[in-house]
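Sequences listed follow chains A and B, in order. Going by the numbering used here, 7 is the number at position 7 of the first sequence; the sequence numbering is gapless. In short: position in the second sequence from 1, add 137, done, that's the numbering used here.
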Amino acid sequence: MITKDARILLVDDLNLIRRMLRQCLDEMGFKYIEDATDGNEAIFKLSKARSKGVPFDLLFLDWNMPNKTGIEVVEYCRASELFKDLPIIMVTAEAEKKNVLRALMNGANDYIVKPVSADILRAKLDHINEQLKKKVG
Amino acid sequence: MHSKRLSRQFKKSFGVTTPARVSVKNQSKLTESLSNFCAMIEEEYQRMEVEIAGANSNFDQSNRLFDAVVNSLGQGFLLFGTDLICLPFASKTCRDLLECHPPGKTISEVLKIPPEEVEFFVSWCRMLFDERIKFEDLAALGPSQFIHSDVRRVVQLEYKPCRGGDGKIWSIVMIATDKTSEFAARKEAEELEDHVKLIMNILRNKNRFRQFVAEMRRMIDELDRMSWNEDDFATSKRLLHTMKGLSSAFGLAKLKSSCHQAETVLCDLADRDSQIQHLKAVSISLQFEFDSLLESNREILGDIARPESKREIDTTVLYNFLHAIASASSKDEIARAYRHQILSISMRKLFADYDAYISDLAAQLGKKVEPIRFVGEDPSVVEEEIRPLLSTLPQLFANTLDHGIEPVEERLAAGKPPAGVIEVGFHQVKGTLRISIRDDGKGIDVTSLRKKFESEGQAKFAREASDQEIINKIFDHGVSTAKFISEVSGRGVGMSAVKDDVLKLGGEINVQSRVGIGTTITIELPMELPMNEKAAG
């Protein structure tokens with residue numbers, strides 16, 4: 001379950017998008033939010049948090065980034081024992097339909113289209129929680 | 138009801154409700170009872186038949202009504218199940234919109250999904266039924282248009298879930314809607330708007346348009362006369378590029394894309410012969426396109442489009458000039474007055490004419506830019522004398538917008554205001570006019586240019602040249618920092634064309650740039666300025 005105490009990692013090379021997401025999440029009452037600017041940094045931060053015993057509970061992932069693309073991060077997570085169940089939401093532009101679909105097929109949990117609003121974000125998180133409940137049940 | 142009546146009759150006849158054991162004492166009574174009962178059953182049977190027929194006809198009627206409604210909507214409806222095969226229901230319009238009768242076919246067959254994409258498409262369909270992600274969100278990622286064999290047809294596709302009692306999706310409705318006329322109407326409206334914009338633009342800048350017409354004719358002629366050595370090839374590329382910029386400045390979208398296309402083909406052709414042939418064809422078709430454009434707008438444009446040079450002059454200007462003639466003491470003085478009062482025009486005014494072009498171009502590139510800011514003096518010049526500079530300005534601004542000014546997101550992230558700033562300053566010193574054009578964009582990335590030269594086999598230069606030497610290379614043919622060729626600039630023609638035009642005027646051009654801060658282009662032109670003459674006189 002993703003509660004208000006969830007630890008969230010925002011991955012996007014553009015500061016503006018991270019700020020936008022952070023603002024939405026702040027509004028919704030989330031307290032633990034961290035940033036990463038590319039795929040490599042994201043994977044590093046995920047592993048580090050895990051080894052410290054404070055793993056992330058949710059990942060927001062941009063598609064187009066230097067070094068490692070969003071889909072490579074999804075593939076990495078799904079193939080790894082540690083992160084195979086980590087909820088991942090792709091953050092995408094309108095035009096990237098096919099790529100988003102590919103990411104979903106590779107195991108991303110959902111997607112949101114930029115610009116992000118708190119309402120849409122809330123609906124997405126509710127849906128992911130429902131899915132998680134089903135999985136546990 | 139009826140069965141109750143039957144059982145009553147049964148009881149009356151046999152004295153019991155169930156026919157398990159019926160003892161009969163009188164045979165004739167039994168026969169009578171049985172025949173009564175048979176008649177009763179017969180009657181009941183007929184009644185039921187009538188009822189069933191009635192129900193059937195009701196059902197038929199509502200079925201027909203449903204069909205009529207579905208078919209009259211003019212939309213293609215079809216249903217497909219978890220096996221992705223279309224169910225035996227589809228509206229008639231499917232034949233027209235989807236060009237087939239879907240029942241029994243797979244949905245990927247109906248939508249003519251290319252073989253290499255079928256697997257992808259099928260996974261999408263499967264995910265729709267799974268509902269791991271909300272149906273609407275996932276449906277939005279599927280094909281939203283049917284590729285009709287008649288390319289003018291626009292057929293939009295929508296998907297809706299059909300749920301069973303358990304809430305699970307058992308089939309999906311696909312709705313195909315013909316949006317051709319809506320699309321055409323919108324396109325027509327856009328074209329009309331463009332046309333109005335074009336006319337407004339021309340009327341606002343009559344003199345500029347007149348020049349444009351003359352320039353275009355000159356360049357089309359020049360293209361036609363190319364004799365084909367290496368220089369001519371570069372010149373043709375430059376001409377097409379400049380024509381593209383000029384057309385774009387006036388919002389002539391079609392002409393602009395023709396030039397762009399011609400340029401693309403020219404760059405792709407490998408051998409000289411086919412290049413020459415291509416250019417001959419291009420100059421003829423551009424000539425034709427340009428003439429028909431002027432012809433179709435002749436009523437509105439009137440004299441503006443005539444090739445001979447004309448110019449509008451304020452009556453007050455004329456009176457002042459007459460006054461100057463009347464009080465002149467020498468021929469020289471009259472010549473000076475003519476030059477100063479009739480021919481000269483404010484530099485700021487000339488540059489401000491490009492504001493509409495700049496903001497339009499910025500919008501096309503998804504960027505924002507403020508109207509040109511002017512600093513320093515406002516010298517007057519004789520327009521004719523700096524015409525080559527004026528015709529090269531669109532190219533210069535296109536480069537600034539394309540490579541210099543960043544997209545809004547990037548600017549905000551860098552702590553800059555969302556709209557880019559272009560500042561133009563004029564300064565005159567001793568027969569020289571200095572024009573500086575400064576932008577607050579991302580500057581020229583020397584490191585990536587160095588890498589580019591290195592990868593192009595100029596390793597020594599890449600290693601040893603100073604930053605300024607590297608930056609100066611933007612004026613060379615074939616150098617562009619753009620990662621891909623946009624319609625605006627980026628073929629490595631832009632800045633070299635600007636330099637050529639400045640050199641033609643006997644001037645000099647220099648560039649200074651700082652990464653993250655911006656770029657300044659400085660142009661120095663030798664010039665007898667009318668204002669100076671007046672000051673001297």
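We put the CB at the ideal spot given by N, CA and C, even for glycine.
For a cutoff of 8 Å on Cβ pairs, would you count residue i as touching chain A?
{"i": "residue 306(B)", "result": "no"}
{"i": "residue 278(B)", "result": "yes"}
{"i": "residue 270(B)", "result": "yes"}
{"i": "residue 550(B)", "result": "yes"}
{"i": "residue 363(B)", "result": "no"}
{"i": "residue 628(B)", "result": "Any reading at residue 628(B) is ruled out, since the residue's pLDDT is 48, under 50, leaving its predicted position unreliable."}
{"i": "residue 546(B)", "result": "yes"}
{"i": "residue 624(B)", "result": "Confidence at residue 624(B) is low in this model, with a pLDDT of 45, below 50, so its placement is unreliable and the value that follows should be read with caution. No, residue 624(B) does not count as interfacial toward chain A."}
{"i": "residue 311(B)", "result": "no"}
{"i": "residue 130(B)", "result": "Because chain B in this structure spans residues 138 to 674, residue 130(B) falls outside the shown range and cannot be described."}
{"i": "residue 619(B)", "result": "For residue 619(B), the predicted model reports a pLDDT of 47, less than 50, meaning its position is unreliable; a value from the coordinates is still stated below. Cβ-Cβ to chain A under 8 Å: no for residue 619(B)."}
{"i": "residue 484(B)", "result": "no"}
{"i": "residue 264(B)", "result": "yes"}
{"i": "residue 260(B)", "result": "yes"}
Would you verify that the beta carbon of residue i is, or is not, closer than 8 Å to some beta carbon of chain B?
{"i": "residue 12(A)", "result": "no"}
{"i": "residue 90(A)", "result": "no"}
{"i": "residue 73(A)", "result": "no"}
{"i": "residue 1(A)", "result": "no"}
{"i": "residue 105(A)", "result": "yes"}
{"i": "residue 78(A)", "result": "no"}
{"i": "residue 23(A)", "result": "no"}
{"i": "residue 61(A)", "result": "no"}
{"i": "residue 85(A)", "result": "no"}
{"i": "residue 110(A)", "result": "yes"}
{"i": "residue 100(A)", "result": "yes"}
{"i": "residue 16(A)", "result": "yes"}
{"i": "residue 97(A)", "result": "yes"}
Would the beta-carbon of residue i fall within 8 Å of that of residue j?
{"i": "residue 262(B)", "j": "residue 247(B)", "result": "no"}
{"i": "residue 66(A)", "j": "residue 13(A)", "result": "yes"}
{"i": "residue 403(B)", "j": "residue 531(B)", "result": "no"}
{"i": "residue 317(B)", "j": "residue 355(B)", "result": "no"}
{"i": "residue 215(B)", "j": "residue 231(B)", "result": "yes"}
{"i": "residue 74(A)", "j": "residue 88(A)", "result": "yes"}
{"i": "residue 352(B)", "j": "residue 374(B)", "result": "no"}
{"i": "residue 275(B)", "j": "residue 283(B)", "result": "no"}
{"i": "residue 240(B)", "j": "residue 225(B)", "result": "yes"}
{"i": "residue 109(A)", "j": "residue 128(A)", "result": "yes"}
{"i": "residue 346(B)", "j": "residue 320(B)", "result": "no"}
{"i": "residue 270(B)", "j": "residue 258(B)", "result": "no"}
{"i": "residue 523(B)", "j": "residue 561(B)", "result": "no"}
{"i": "residue 235(B)", "j": "residue 211(B)", "result": "no"}
{"i": "residue 482(B)", "j": "residue 454(B)", "result": "no"}
Taking DSSP's pairing of strands, which residues face residue i in a bridge?
{"i": "residue 650(B)", "result": "656(B)"}
{"i": "residue 7(A)", "result": "32(A)"}
{"i": "residue 595(B)", "result": "Looking at the DSSP assignment, residue 595(B) forms no beta bridge with any residue, so it has no partner."}
{"i": "residue 491(B)", "result": "None, per the DSSP bridge assignment."}
{"i": "residue 223(B)", "result": "217(B)"}
{"i": "residue 453(B)", "result": "Note: residue 453(B) sits in no beta bridge, so no partner."}
{"i": "residue 121(A)", "result": "BP columns for residue 121(A) are empty, so no partner."}
{"i": "residue 282(B)", "result": "293(B)"}
{"i": "residue 90(A)", "result": "61(A) and 111(A)"}
{"i": "residue 482(B)", "result": "518(B)"}
{"i": "residue 506(B)", "result": "557(B)"}
{"i": "residue 661(B)", "result": "571(B) and 645(B)"}
Round the Cβ separation of residue i and residue j to the nearest angstrom and send it over; I've been treating them as touching at under 8 Å.
{"i": "residue 359(B)", "j": "residue 340(B)", "result": "Going by Cβ atoms, the distance from residue 359(B) to residue 340(B) rounds to 28 Å, so no, they are not a contact pair."}
{"i": "residue 652(B)", "j": "residue 646(B)", "result": "Rounded, the Cβ-Cβ distance is 21 Å, inconsistent with contact."}
{"i": "residue 578(B)", "j": "residue 608(B)", "result": "Between residue 608(B) and residue 578(B) the Cβ distance is about 14 Å, and since that is not below 8 Å, they are no contact."}
{"i": "residue 533(B)", "j": "residue 635(B)", "result": "5 Å"}
{"i": "residue 2(A)", "j": "residue 57(A)", "result": "6 Å"}
{"i": "residue 559(B)", "j": "residue 581(B)", "result": "In fact, because the Cβ distance is near 16 Å, the residues do not count as touching under 8 Å."}
{"i": "residue 525(B)", "j": "residue 381(B)", "result": "With 8 Å as the limit, residue 525(B) and residue 381(B) do not qualify as a contact, their Cβ atoms being about 17 Å apart."}
{"i": "residue 406(B)", "j": "residue 412(B)", "result": "5 Å"}
Secondary structure, alpha helix (DSSP H): runs of 4+ residues fully inside the region 355-401 of chain B: 367-386
- request: Return the chain-ordered ranges of every alpha helix (DSSP H) run that is complete within the region 508-590 of chain B and spans a minimum of 4 residues.
  value: 524-536 and 545-550
query: What are the complete alpha helix (DSSP H) segments, minimum 4 residues, inside the region 18-85 of chain A?
result: 39-51 and 70-79
task: Ignoring anything shorter than 3 residues or poking outside the region 291-319 of chain B, list the beta strand (DSSP E) runs there in chain order.
output: 292-300 and 306-315
- prompt: Taking the runs of the alpha helix (DSSP H) that are 4 residues or longer, which of them lie wholly in the region 179-264 of chain B?
  reply: 230-234 and 244-247
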